[in-house]
Amino acid sequence: MPRSVPHTLSAPEWAMLLALSVLWGGSFFFTGIALQALPPFTLVVLRVGVAALVLNLALPLTGSRLPRTRAVWTAFAGMGLLNNVLPFCLIVWGQTHIASGLAAILNATTPLFAVAVAHLSTSDERMTGNRLAGVLVGLGGVAVMIGPALLTALGTNVLAQIAVLAAALSYAVAGVFGRRFKQMGVPPVATAAGQVTASTLLLLPIALVVDRPWTLAMPGLPVWGAVLGIATLSTALAYVLYFRILATAGATNLLLVTFLIPVSAILLGTLVLGERLDFRHYLGMALIGCGLAAIDGRLLRRDRLSRFGRPQPSKPSDPPGVDLGRDI
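Laid out in structure tokens, this is it:
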């Protein structure tokens, strides 16, 4: 079979990836406000539930509608389980035992898991040396930026750390699993609506049993504003971008957003809350940038061409590889 060619992100895809990182980076701000009055699972259900309402109302405006076939809804349920229910529950439990900074570093292993899962289960997102090296450098950048001192806690609360790592693995599997919606002919906005609708139905019983939300005091306007922000911006709009990038760029490129989320969160904290940037923040961002450049590959190819000349054009009989295998 012809050798596959890794997809290189185009300028619009990089722009969407950066926008997605800002939307998800901003979720920390909204979550911090909402958790002052709402328990975690109630907030998660409100997040996906309001997002589902917004996206389902928006579907007619986009000319799309939710499919009604059992196969598609089974896939929506699988995507909701892998991309929302399992990781949300694991991270919520894990963060009750470990620092949020350490959780962020562990969560940043998502692209590393994605490279491995995609390599094992697809034929057009194969692991390359540049991609693996770039992911490792980017992961190191996240660790430096958040603070290496947190790594001293790696020997304690091991189960909580395993839970967050399992959440990262679940996100990676979800990225590869979600490729099937393009093959099913489901547009990104409908896929986003289907996923958060299924997630709402799966998470609602958990919130009712664990949080008993009917016993809570009525939240104030700032909390409801934060819920609307995290639901409409960090969930509804974010998942439309998520599935649009996934459809064109693939899972391993999409999940690079995990490296950019801490950068966006720290920069938003600086711009909005006046937080100070330290040297480690600049160093970590530089490492993340180097990692992304290695994964993108264009700078390395340009340097190789300048030193060794332009390679001979490939024969017409050697087209880029086509994914003939079935995704997981």
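Numbering (this note's numbering), first residue to last: -18 to 309. Positions of the beta carbon are idealized from the N, C-alpha and C atoms, including for glycine. A quick note: this is a predicted structure, and the numbers were derived from the prediction, not measured.
Outcome for residue i when other beta-carbon atoms lying within 10 angstroms are tallied against a minimum of 16
{"i": "serine 8", "result": "buried"}
{"i": "glycine 44", "result": "exposed"}
{"i": "proline -17", "result": "Here proline -17 scores only 47 on pLDDT, less than 50, and its place in the model should not be relied on; the value that follows carries that caveat. Exposed: under 16 other Cβ atoms inside 10 Å."}
{"i": "alanine -4", "result": "exposed"}
{"i": "glycine 196", "result": "Note that residue 196 is threonine in the sequence shown here, rather than glycine. Counting Cβ neighbours within 10 Å, threonine 196 comes out exposed, since fewer than 16 surround it."}
{"i": "threonine 251", "result": "exposed"}
{"i": "glycine 272", "result": "buried"}
{"i": "glutamate 256", "result": "exposed"}
{"i": "leucine 202", "result": "exposed"}
{"i": "arginine 225", "result": "buried"}
{"i": "methionine 266", "result": "buried"}
{"i": "serine -9", "result": "exposed"}
{"i": "valine 98", "result": "buried"}
{"i": "serine 180", "result": "buried"}
{"i": "leucine 50", "result": "The residue asked about is misnamed: residue 50 is threonine in this sequence, not leucine. Exposed is the call here."}
{"i": "alanine 148", "result": "buried"}
{"i": "alanine 198", "result": "exposed"}
{"i": "glycine 75", "result": "buried"}
{"i": "leucine 101", "result": "exposed"}
{"i": "arginine 342", "result": "Lying outside -18 to 309, the shown extent of the chain, residue 342 is not represented and no answer is given."}
{"i": "serine 215", "result": "buried"}
{"i": "leucine 254", "result": "exposed"}
{"i": "leucine 150", "result": "buried"}
Host alpha helix (DSSP H) of residue i (start-end)
{"i": "alanine 52", "result": "51 to 61"}
{"i": "aspartate 192", "result": "No alpha helix (DSSP H) holds aspartate 192; DSSP gives it neither H nor E."}
{"i": "serine 245", "result": "238 to 254"}
{"i": "methionine 126", "result": "110 to 127"}
{"i": "isoleucine 167", "result": "One detail in the question is off: residue 167 reads as valine in this sequence, not isoleucine. Careful: valine 167 lies outside any alpha helix (DSSP H) and carries neither H nor E."}
{"i": "alanine 219", "result": "219 to 230"}
{"i": "valine 208", "result": "202 to 212"}
{"i": "arginine 28", "result": "21 to 43"}
{"i": "leucine 197", "result": "Per DSSP, leucine 197 belongs to no alpha helix (DSSP H) and is neither H nor E."}
{"i": "isoleucine 72", "result": "67 to 75"}
{"i": "arginine 261", "result": "260 to 277"}
{"i": "serine 215", "result": "Where serine 215 is concerned, there is no enclosing alpha helix (DSSP H), given that its DSSP letter is neither H nor E."}
{"i": "histidine 100", "result": "91 to 102"}
{"i": "isoleucine 79", "result": "That residue, isoleucine 79, is in no alpha helix (DSSP H); it is neither H nor E in DSSP."}
{"i": "proline -7", "result": "-8 to 6"}
{"i": "glycine 156", "result": "139 to 158"}
Proximity below 8 angstroms, CB of residue i to CB of residue j
{"i": "leucine 384", "j": "alanine 144", "result": "Not covered by the structure: residue 384. The range shown for the chain is -18 to 309."}
{"i": "threonine 233", "j": "proline 92", "result": "yes"}
{"i": "alanine 174", "j": "alanine 33", "result": "yes"}
{"i": "arginine 161", "j": "alanine 95", "result": "no"}
{"i": "alanine 18", "j": "valine 190", "result": "no"}
{"i": "leucine 67", "j": "glutamine 142", "result": "no"}
{"i": "leucine 184", "j": "phenylalanine 11", "result": "no"}
{"i": "threonine 90", "j": "leucine 140", "result": "no"}
{"i": "valine 53", "j": "valine 167", "result": "yes"}
{"i": "leucine 268", "j": "glycine 121", "result": "yes"}
{"i": "valine 157", "j": "threonine 77", "result": "no"}
{"i": "lysine 163", "j": "alanine 228", "result": "yes"}
CB-CB length for residue i against residue j, believed under 8 angstroms
{"i": "valine 3", "j": "threonine 213", "result": "Contact flag wrong, Cβ pair sits at about 14 angstroms."}
{"i": "tryptophan 5", "j": "valine 238", "result": "7 angstroms"}
{"i": "glycine 159", "j": "phenylalanine 240", "result": "19 angstroms between Cβ atoms; not a contact."}
{"i": "valine 116", "j": "valine 170", "result": "With a Cβ gap of about 29 angstroms, valine 116 and valine 170 do not count as contacting."}
{"i": "leucine 1", "j": "alanine 219", "result": "6 angstroms"}
{"i": "glutamine 176", "j": "glycine 30", "result": "With 8 angstroms as the limit, glutamine 176 and glycine 30 do not qualify as a contact, their Cβ atoms being about 13 angstroms apart."}
{"i": "isoleucine 211", "j": "arginine 28", "result": "5 angstroms"}
{"i": "alanine 207", "j": "alanine 85", "result": "The Cβ separation is near 20 angstroms, so there is no contact."}
{"i": "glutamate -6", "j": "alanine 274", "result": "15 angstroms between Cβ atoms; not a contact."}
{"i": "asparagine 64", "j": "threonine 178", "result": "The pair is not a contact, with the Cβ atoms about 13 angstroms apart (cut-off 8 angstroms)."}
{"i": "leucine 236", "j": "tyrosine 152", "result": "7 angstroms"}
{"i": "isoleucine 79", "j": "asparagine 138", "result": "5 angstroms"}
{"i": "proline 20", "j": "aspartate 192", "result": "4 angstroms"}
Contact the stretch 109 to 129 vs the stretch 251 to 263: 3+ CB pairs below 8 angstroms: yes
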